[in-house]
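There are 2 protein chains.
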Amino acid sequence: MLHEDVVGRIRAILLDGEIPPGARIPERELCERLQISRTPLREALKVLAAEGLVQLLPHRGSRAAKLTDKDMRDLFEVCQGLEALAGELACERISDAEIGAIGTAHDEMVRHYREGDLIQYYRGNRAIHEAIVAAAGNPALTGLYASVTARIRRARYVTPMTPQRWALAVKEHEAILNALQRRDGAGLSHILRAHLRHKREEVLQAGFAETEANDLGLRIA
Amino acid sequence: MLHEDVVGRIRAILLDGEIPPGARIPERELCERLQISRTPLREALKVLAAEGLVQLLPHRGSRAAKLTDKDMRDLFEVCQGLEALAGELACERISDAEIGAIGTAHDEMVRHYREGDLIQYYRGNRAIHEAIVAAAGNPALTGLYASVTARIRRARYVTPMTPQRWALAVKEHEAILNALQRRDGAGLSHILRAHLRHKREEVLQAGFAETEANDLGLRIA
DNA sequence: TTTTACATTTTTGAATGCAAAATTTGGGAT
DNA sequence: ATCCCAAATTTTGCATTCAAAAATGTAAAA
Chain W
1 MLHEDVVGRI
11 RAILLDGEIP
21 PGARIPEREL
31 CERLQISRTP
41 LREALKVLAA
51 EGLVQLLPHR
61 GSRAAKLTDK
71 DMRDLFEVCQ
81 GLEALAGELA
91 CERISDAEIG
101 AIGTAHDEMV
111 RHYREGDLIQ
121 YYRGNRAIHE
131 AIVAAAGNPA
141 LTGLYASVTA
151 RIRRARYVTP
161 MTPQRWALAV
171 KEHEAILNAL
181 QRRDGAGLSH
191 ILRAHLRHKR
201 EEVLQAGFAE
211 TEANDLGLRI
221 A
Chain Z
1 MLHEDVVGRI
11 RAILLDGEIP
21 PGARIPEREL
31 CERLQISRTP
41 LREALKVLAA
51 EGLVQLLPHR
61 GSRAAKLTDK
71 DMRDLFEVCQ
81 GLEALAGELA
91 CERISDAEIG
101 AIGTAHDEMV
111 RHYREGDLIQ
121 YYRGNRAIHE
131 AIVAAAGNPA
141 LTGLYASVTA
151 RIRRARYVTP
161 MTPQRWALAV
171 KEHEAILNAL
181 QRRDGAGLSH
191 ILRAHLRHKR
201 EEVLQAGFAE
211 TEANDLGLRI
221 A
């Protein structure tokens, strides 16, 4: 199906930042680039608007969603809640094999931490959280989590990570894995909340920096 | 804007159950009824599909989303998580005035309970939960909560309520209000989880009943 | 020189048209 | 009479077209 594919491709363009937040989305240009007519493109844009990645302005076109610092904090709070819920549910349902896989992923992530490879560390970090969400066995939750993380993904990766914060995050991840292995739902929920709260603080700082950069970029352009 | 309006109208049609879950959505018919062409209708259907209210089948049209019991339980779990999160956040931010308003709504709900007016009781119940979510001051959370509750709303109201369960629900609501007034976030979160867990059990039973009814309806039709 | 009013252009929003896929219908064979 | 296969009809998906709104550019007046 064409329009499904289009949604994915535009989503990728937005998440890659190729169209930066706040920028206009030129229908005509995208139509040429994707070799489609305006009808499926517009359908895709409306789907993405429902997801929160695109803002539609009546008679003034669509723009890549521009998130304020407040928006970002709100989304992180929701993300925190969803991860905590996933952790609790996962403890009730997770299999030994899944715990083993997450343990392996964790060890890999720690290795990237020791090697100082932030990109790979983030990748592993994300994989672990996604594995926990998947282990909850709740597709509705998985879908919402995917939607929320997609909206904050870009900010997540511009986070300036200090050695102290990084060490803390790794330590928290040890505790997460531990609680999972003990299948301690309440404890895991608690840790995940604290874990994301720390992340949130990081991202808020990054958010300010990025906002300034964007403003600057807009003025230059 | 036309298509925005169309989304709302079709959503209402679906939530009213005028097009029952699992039934085909006839484009042609709806176009005539809403006096619009197929383009905005199809845009609206894709938005509703992104919301989870409509299922799109390639080259086979769209159907009103048919939720399995598993889907229902999943959504209730997510709803539980969001309400618990909202409760925690609300405790940090809620004003005395908002607590007062919720207290008033609570008293009203209890009055409807005493009068045995289940419909009005449900209405008040929903208003309270929505007020708590609103008090969290997190629009992203509010939006997701609205989306999730929309999908389970119909099931919520077909719940067969026994006197015992009803009494328990009212009691739990007393505890919710109490925790809010004490601004005890952790406690409120705990209560809300238990509160919805009880509800979930009710709805699961109702879910089975409704499924049978739908099957029957499909066979007749 | 600046501002405002108007015309032109561009872009958005919705309707229509057309090709492909699926469902339905009718005929024939078993 | 039932089952199966093919043709006709309906419906879906996308492209194109048309109308309306906004942006832009120009010219005239203050």
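As you go down the protein sequences, you meet chains W and Z in turn. With my numbering applied, the first sequence corresponds to residues 1 to 221, in that order. With my numbering applied, the second sequence corresponds to residues 1 to 221, in that order. Each residue gets a CB set at the ideal place from its N, CA and C atoms; glycine is no exception.
Exposure label - residue i; buried when at least 16 CB within 10 Å
i	result
Z/Ile119	exposed
Z/Pro21	buried
Z/His193	Just to set this straight, residue 193 of chain Z is Arg in the shown sequence, not His. Under this definition Z/Arg193 is a buried residue.
W/Ser147	buried
W/Ile19	buried
Z/Glu115	exposed
W/Gly61	exposed
W/Ala221	Residue placement at W/Ala221 is poorly supported in this model, since its pLDDT is 28, which falls under 50; the coordinates still yield a value, given next. Exposed.
W/Glu32	exposed
W/Ala155	buried
W/Ala12	exposed
Nearest-angstrom Cα separation, counted from residue j out to residue i
i	j	result
W/Glu43	Z/Ile191	42 angstroms
W/Thr211	W/Met72	Confidence is the limiting factor: at W/Thr211 the pLDDT is only 43, short of 50, which leaves the residue's position unreliable, though a coordinate-based value still follows. Looking at the two C-alpha atoms, the distance is approximately 11 angstroms.
W/Asp107	Z/Ala167	50 angstroms
W/Ala150	W/Glu88	22 angstroms
W/Val188	Z/Ala86	The residue asked about is misnamed: residue 188 of chain W is Leu in this sequence, not Val. Cα to Cα, W/Leu188 sits roughly 19 angstroms from Z/Ala86.
Z/Asn125	Z/Met109	7 angstroms
W/Pro163	W/Leu82	27 angstroms
Z/Leu30	Z/Tyr122	31 angstroms
Z/Arg38	W/Ala135	41 angstroms
W/Ile10	W/Ile36	12 angstroms
W/Thr68	Z/Arg111	42 angstroms
W/Glu27	Z/Ala65	31 angstroms
Z/Gly8	Z/Pro139	19 angstroms
W/Pro161	W/Asp117	The amino acid occupying residue 161 of chain W in the given sequence is Met; Pro does not appear at that position. Between W/Met161 and W/Asp117, the C-alpha separation is close to 12 angstroms.
W/Glu77	W/His198	11 angstroms
Z/Gly185	Z/Asp96	15 angstroms
W/Glu4	W/Lys70	31 angstroms
W/Arg183	W/Ala127	19 angstroms
Z/Gly17	W/Val47	23 angstroms
Cβ-based neighbour list, residue i, same chain, cut-off 8 angstroms, excluding 5 preceding and 5 following
i	result
Z/Arg63	Gly22, Ala23, Arg24, Ile25, Val54, Gln55 and Leu57
Z/Leu144	Leu82
Z/Leu180	Gly87, Ala90, Cys91, Ile94, Ile99, Ile102, Ile132 and Leu188
W/Ala49	Gln55, Leu56 and Ser62
Residue i at chain Z interface by Cβ criterion, 8 angstroms
i	result
W/Ala50	yes
W/Asn138	yes
W/Asp71	yes
W/Gly81	yes
W/Asp256	In the structure as shown, chain W begins at 1 and stops at 221. Residue 256 of chain W is therefore absent and cannot be evaluated.
W/Val78	yes
W/Asp5	no
W/Leu85	yes
W/Leu177	no
Beta-carbon proximity list for residue i, same chain, < 6 angstroms, skipping 5 on both sides
i	result
W/Cys79	Val148
W/Ile152	Leu75
Z/Leu45	Val54 and Ser62
W/Gly137	Arg93
W/Glu172	His195
Z/Glu51	Ser147
W/His222	Nothing can be reported for residue 222 of chain W: it is not among the residues displayed for chain W, which extend from 1 to 221.
Test: residue i CB closer than 8 angstroms to a CB of chain W
i	result
Z/Arg42	yes
Z/Lys46	yes
Z/Leu30	no
Z/Asp184	no
Z/Asp74	yes
Z/Leu144	yes
Z/Leu141	yes
Z/Leu89	yes
Cutoff 7 angstroms; reference residue i; Cβ partners in own chain excluding five residues on either side
i	result
W/Val170	Val110 and Tyr113
W/Val6	Leu34, Ile36, Pro40, Leu41 and Ala44
W/His129	Glu83
W/Thr142	Val133 and Ala134
W/Leu14	Leu53 and Ala64
**Request:** Could you tell me whether the segment 164-181 of chain W touches the segment 92-104 of chain W, where touching means 3 or more Cβ pairs closer than 8 angstroms?
**Result:** At 8 angstroms Cβ cutoff, the stretches touch.
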